[in-house]
Amino acid sequence: MARAATTSDVFNAIAEPQRRDILALLRAGERPVTDLAQELGMSQPGASKHLRVLREVGLVRVRGAGKQRLYGLDAGGLRPVHEWAGGFERFWNESFDRLDTYVQDLKQTPQEE
3 MARAATTSDV FNAIAEPQRR DILALLRAGE RPVTDLAQEL GMSQPGASKH LRVLREVGLV
63 RVRGAGKQRL YGLDAGGLRP VHEWAGGFER FWNESFDRLD TYVQDLKQTP QEE
């Protein structure tokens, strides 16, 4: 089965570590591409290509500010990822509950020296 194009699917878009890094930087607020490229140690054209992909899947928005283009996070685009990952919440909660029970049992068991 063929994979969806990176530019059409949020999961494929965020599979690229540098794109996740860009999203993490944009959590703090809007930034121009030159700042993002410098912070991540990549070329401006490389950062622009990643931003284009993120914009096409709805994770980043852009606005003009004079001669600059400022990129900002559009976290609403992460909803499908959040909903998918949320399906594992019960699994993790049950695992942590079992771990907590185990730790409590260990605390109550007399220790041999």
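Numbering-wise, our numbering puts 13 at position 11 of the sequence shown, and it's gapless, one number per residue.
Heads up, the beta-carbon is just placed ideally off N, CA and C, and yes, glycines get one too.
Indicate whether the contact test is met: 3 or more Cβ pairs, each with one atom in the stretch 94-104 and one in the stretch 28-40, closer than 8 Å.
-> no
By the 10 Å Cβ neighbour count, where 16 or more other Cβ atoms means buried, how is A15 classified, buried or exposed?
-> buried
Write down the C-beta distance between L38 and Y73 rounded to the nearest angstrom, noting that I regard them as a contact closer than 8 Å.
-> 7 Å
Let me know the secondary structure DSSP gives V59 once reduced to three states.
-> coil
Assign Q70 to one of three DSSP states: helix, strand, or coil.
-> strand
Applying the criterion that 16 or more other CB atoms from any shown protein chain within 10 Å of the CB defines a buried residue, is R1 buried or exposed?
-> Any answer about residue 1 is impossible in this case: the structure gives the chain only from 3 up to 115.
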